[in-house]
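Worksheet for the structure shown next.
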Amino acid sequence: MVCVCNATYCDTLDPLVLPAVGSYVKYESSKAGKRLERSEGRFQRKLCAPDVVLTLDTAQRFQRVKGFGGSVTDAAAINILSLPERAQDHLLRSYFSEEGLEYNLIRLPMASCDFSLHAYTYDDVPYDYELAHFSLRDEDTKLKASGGRGQASAMSKWPLSLYASPWTSPTWLKTSESYVGKGTLKGQAGDRYHKTWANYFVRFLDEYAKHNLTFWAVTAENEPTAGLINNYPFQCLGFTAEQQRDFIAQDLGPALANSSHRHVQLIILDDNRLHLPHWAKVVLEDEKAARYVHGIGLHWYLDFIGPIQDTVLPTHELFPDYFILATEACIGAHFWERDVILGCWERGNQYSHSILTNLNHFVAGWTDWNLALDLEGGPNWVKNYVDSPV
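And the structure:
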């Protein structure tokens, strides 16, 4: 069953209202057709099973939830802005308003990713270590910096928290001198290559601020292990845990702290959770790096070989003062999955299972990948098509 949202109609939800004391509210979706159907009931005063004893420990506290959201890639912005104005309004309302999901997180790629029409960075002039040629692209000023962001803010009763992730540095900073394939930053932490890359983050925040967009956080790198893989097919920049630790301690952390963006939070890993707890231990057991870090980002693509009890749970136990956030998820990314299946109940089930499992293991929020794609699962310049809720 495919839900409909167009220029004339879109399903809505009634705003959430707390039930009366002694009552509960249940929302139910089903394969047969229920879509967050609301019902109410009352708690029973007598137990049907007198041998069952439930104990509520009100002293135990779990994580503070940051929120939920999705990503405004170039592709998502292109698709949203291609709709008639009324359909755009309905789509954004279904994500951000009280009549919809009330998203409050938005992730933006810092320059291009695979869900762009082509590969680019903000300074593709070779050896421009002063970043004199740094400039936002049309994809930013005409797509991502607009892309309904103002409408979304107006629709939401919550402040929107934006966070950004880079896929690749300019090629002249990389060992591969290519957007794609195996490659890391040239040199070592503390040198001009690493300082330039750290300053690139600051310039990104500076330029977006000119468009009245401020960021809650940045991640140190999207999937840093991707850039350690031979022939990786799209934009990447490789870091080991040790390289990320040193880059944060000597370059990125100080650059952010000494800028006007010192309030921006820094998220490490931003990769599959099977790298935990090792990655967190390497970075956060180093005092010089740890003092700049606020959280740990997770992708879901290899969850089936990295059980949450063996990865996320011990990480929280070791580092309870750092939030853990699910930063990317989509279906169709594996070679055995079809790219797009409209109205697929099983795929919705995967989302709900992931969200609930993460919340039950100290994860502070969950971020979808593309907010909207076309019927092919793109556009994507390397044809890495995937599915999306819209």
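Numbering (the working numbering), first residue to last: 76 to 465. Every residue, glycine too, gets a C-beta built ideally from N, C-alpha and C.
Assign residue i to one of two classes, buried (16 or more other C-beta atoms within 10 Å of its C-beta) or exposed (fewer than that).
i, result
"Ala264", "buried"
"Pro234", "exposed"
"Gly20", "The requested residue 20 does not occur in the structure, where the chain is confined to residues 76 to 465."
"Leu45", "In the structure as shown, the chain starts at 76 and stops at 465, and residue 45 therefore has no counterpart that could be examined."
"Thr442", "buried"
"Thr271", "buried"
"Leu248", "buried"
"Phe118", "exposed"
"Ala284", "exposed"
"Trp411", "exposed"
"Asp326", "buried"
"Gly56", "Summary: the structure shown does not reach residue 56, with the chain confined to residues 76 through 465, and so no result is reported for it."
Contact check, residue i vs residue j under 8 Å by CB: the rounded distance?
i, j, result
"Leu211", "Asp149", "Not quite, the Cβ-Cβ distance comes to about 12 Å (not below 8 Å), so this is no contact."
"Leu88", "Ala447", "The pair is not a contact, with the Cβ atoms about 19 Å apart (cut-off 8 Å)."
"Phe276", "Ala330", "7 Å"
Residues bridged to residue i by DSSP?
i, result
"Leu400", "Gly372"
"Phe143", "Trp441"
"Met185", "Pro241"
"Tyr99", "Gly116"
"Leu465", "According to the sequence shown, residue 465 is Val rather than Leu. Per DSSP, none; premise fails for Val465."
"Ala236", "In the sequence as displayed, the identity of residue 236 is Ser instead of Ala. Paired residue(s): Leu180."
"Lys57", "For residue 57 there is no data in the structure shown, the boundaries of the chain being 76 and 465."
"Thr294", "Ile342"
"Gly313", "Thr259"
"Ala347", "What sits at residue 347 in the sequence shown is Asn, not Ala. Paired residue(s): His374."
"Cys80", "Cys85"
Grab me the residues of residue i's own chain with a C-beta within less than 7 Å of its C-beta, minus the 5 sequence neighbours each way, in chain order.
i, result
"Val457", "Asp189, Pro308 and Phe309"
"Asn347", "His374, Tyr376, Leu377 and Gly381"
"Leu349", "Leu377, Ile380, Gly381 and Thr386"
"His353", "Ala316"
"Leu91", "none"
"Trp420", "Lys106"
"Glu252", "Thr246"
"Val357", "Ala316, Glu317 and Arg320"
"Leu417", "Val77"
Near residue i, what residues of its chain come up, given a Cβ to Cβ distance below 6 Å and the 5 sequence neighbours on each side ignored?
i, result
"Gly372", "Thr294, Ile342, Leu344, Asp345, Leu400 and Thr402"
"Leu303", "Gly313"
"Asn459", "Asp189"
"Ser172", "Met230"
"Glu214", "Asp149"
"Ala151", "Asn445, Leu446 and Ala447"
Which residues in the same chain have their Cβ closer than 8 Å to the Cβ of residue i, if we skip the five residues on either side of it in sequence?
i, result
"Asp86", "Cys78, Val79, Cys80, Arg110 and Ser169"
"Ser429", "Trp375, Asp378, Ala401, Ala404 and Trp441"
"Glu115", "Pro94, Ser98, Tyr99, Val100 and Lys101"
"Gly452", "Gly407, Asp414, Val415, Tyr460, Val461, Asp462 and Ser463"
"Gln135", "none"
Q. Are at least three pairs of beta-carbons, each pair with one atom in the region 246 to 264 and one in the region 322 to 330, less than 8 Å apart?
A. yes
(Q) Would you call the region 392 to 404 in contact with the region 364 to 382, where contact means no fewer than 3 C-beta pairs closer than 8 Å? (A) yes
Q. Would you say the region 99 to 112 touches the region 138 to 152, given that touching needs at least three Cβ pairs under 8 Å?
A. no
Q: Report yes or no: do the region 192 to 205 and the region 167 to 183 share at least 3 C-beta pairs separated by less than 8 Å?
A: no
Q) Counting pairs of beta carbons, one from the region 299 to 308 and one from the region 269 to 283, are three or more of them closer than 8 Å? A) no
(Q) Assess contact between the region 238 to 245 and the region 172 to 184, defined as three or more Cβ pairs (one per stretch) separated by less than 8 Å. Is contact present? (A) yes
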